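In UniProt numbering, the protein residues as written are 1 to 409.
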């Protein structure tokens, strides 16, 4: 009778020093690991279940306003946010300490807010832009519609777009576009400025004072955001309940459409690494999309949260801050099931391994069903189902039209 044994030579199995690690051999041949895929599928299901069980995205709130929040901006490097409300009150708050730093009320409507790197807060009111700290005024000579604060002060008015140096009260550069409602600067290519009126979205080169790209979606653009990682990518939030991702190198059509909301999109932002996009809308939900994906990977809502007007990522990308017209700023995790605080190496590896397994087996029905399950308000589910039926009808109509044309050519 022959008995097969596993033999390890003493030279290879013995340690030279007592603190040395044991040498182990691992075969990647599937023959030596039967049912490995089946075990991985079970692990993927378990990780998906744990993710949904531990999904608690809501962290906290700041309720300093008496009326609804209609504008929001963040400090470029610090956890400081500035918000404006419908009763013309401006509040500067610290997210770390969750305290109110500055609070002022005004008699006229606030048109845009922002914070610069020199820790100065700015807001638009009537025909001027003012500093909240020292009340220094920038004369715009026309009604202010919105402002954007970066290395310089960008102001959209009823007559044109004006660019100010922080140290001078008069504009140093103008773009002749009337009634622009929203504008945003490009963090990668700082000479590019995106802005939109009621019908079109533009991207202008400030070095030549000329428009280099023009997009016409057919509906009003409420918010613009440029990717911090890829400066040629731009996203817009529109009134037709969709967000559109544009490539400045191919301006003829959007490269992606962000769907799922049942209300007009009012805010859109890239995360600091440019890998994800979050949107806020009139359906009282926040949706998070991965780059290149049309459907949201997660959706957040709160029973007390109303229409969302402001949305920002924190500078580390770990949290999302929303401002809604119930007068409250809410703090959400960007990863709903991620642990708050510092993770040790074992926790990081376990989290990464679980995400890889879920992505690997996301097409398995059981994993997909668990991973995509969300509790949403009934009205959102009903409207989303109607919206899906509408899209399917449009696809059938287009397919039949092409089939008819091909038969009669």
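No residue lacks a Cβ here, since even glycine has one placed at the ideal position from N, Cα and C.
Every value quoted in this text rests on a predicted model; they were computed, and no experiment measured them.
Item: In this structure, how does DSSP classify residue 406 when only helix, strand and coil are distinguished?; Value: helix
Item: For the alpha helix (DSSP H) containing residue 282, name the first residue and the last one.; Value: Per DSSP, residue 282 belongs to no alpha helix (DSSP H) and is neither H nor E.
Item: Can you list, in chain order, the residues of its chain whose CB lies under 6 angstroms from that of residue 240, leaving out five sequence neighbours each side?; Value: 219
Item: Comparing alpha-carbon positions, which option in 263, 266 and 270 lies nearest residue 245?; Value: 270
Item: Could you tell me if residue 353 is buried or exposed, where buried requires 16 or more neighbouring beta carbons within 10 angstroms of its beta carbon?; Value: exposed
Item: Is the region 111 to 123 in contact with the region 79 to 92, if contact means three or more CB pairs nearer than 8 angstroms?; Value: yes
Item: Which residue or residues does DSSP assign as beta-bridge partners of residue 213?; Value: 203
Item: When burial is assigned at 16 or more other CB atoms within 10 Å of the CB, is residue 134 buried or exposed?; Value: exposed
Item: With distances taken Cα to Cα, identify the nearest neighbour of residue 103 among 118, 96, 117 and 123.; Value: 123
Item: So, helix, strand or coil for residue 47, using DSSP?; Value: helix
Item: Going by CA-CA distance only, name the one from 22, 196, 318 and 323 that's closest to residue 73.; Value: 323
Item: Does the pairing of the region 174 to 192 with the region 227 to 238 give three or more beta-carbon distances under 8 angstroms?; Value: yes
Item: Going by the CB atoms, is the gap between residue 258 and residue 243 shorter than 8 angstroms?; Value: yes
Item: Considering only DSSP beta bridges, list what residue 261 is partnered with.; Value: DSSP output for residue 261 lists no bridge partner at all.
Item: Should residue 325 and residue 69 be called a contact, given that it needs their Cβ atoms to be closer than 8 angstroms?; Value: yes
Item: Given this structure, state the Cα-to-Cα distance separating residue 42 from residue 342, to the nearest angstrom.; Value: 28 angstroms
Item: From residue 225 to residue 25, what does the alpha carbon distance come to, in whole angstroms?; Value: 50 angstroms
Item: Specify the secondary structure class of residue 321 as computed by DSSP and reduced to three states.; Value: strand
Item: Given this structure, state the Cα-to-Cα distance separating residue 334 from residue 18, to the nearest angstrom.; Value: 45 angstroms
Item: Quick one: grab the DSSP three-state call for residue 388.; Value: helix
Item: Please report the distance separating the alpha-carbon of residue 118 from that of residue 221.; Value: 30 angstroms
Item: Rank 329, 294, 402 and 400 by C-alpha distance to the C-alpha of residue 59 and give the top, closest one.; Value: 329
Item: Could you spell out where the beta strand (DSSP E) holding residue 347 opens and where it closes?; Value: Here residue 347 belongs to no beta strand (DSSP E); instead the alpha helix (DSSP H) covers 345 to 360.
Item: Quick one: using the 10 Å Cβ neighbour count with 16 as the cut-off for buried, is residue 305 buried or exposed?; Value: buried
Item: Just how far apart, CA to CA, sit residue 30 and residue 37?; Value: 10 angstroms
Item: What separation, rounded to the nearest whole angstrom, lies between the Cα atoms of residue 165 and residue 78?; Value: 22 angstroms
Item: Can you say whether residue 255 is buried or exposed, counting buried as having 16 or more other CB atoms within 10 angstroms of its CB?; Value: exposed
Item: To which residues of the same chain is residue 47 closer than 7 angstroms at the C-beta, ignoring the five residues directly before and after it?; Value: 354, 357 and 358
Item: Could you pull out every residue in the same chain whose Cβ sits closer than 7 angstroms to the Cβ of residue 106, ignoring the five residues on either side in sequence?; Value: 88 and 125
Item: Quick check on the burial criterion: 16 or more other C-beta atoms within 10 angstroms. Buried or exposed for residue 190?; Value: exposed
Item: To the nearest angstrom, how far is it from the Cα of residue 402 to the Cα of residue 388?; Value: 21 angstroms
Item: Check whether the Cβ atoms of residue 160 and residue 176 lie closer than 8 angstroms to each other.; Value: yes
Item: How long is the line joining the alpha carbons of residue 350 and residue 384, rounded to whole angstroms?; Value: 34 angstroms
Item: For residue 374, which option in 293, 154, 53 and 35 has the closest C-alpha, if you only look at C-alpha atoms?; Value: 53
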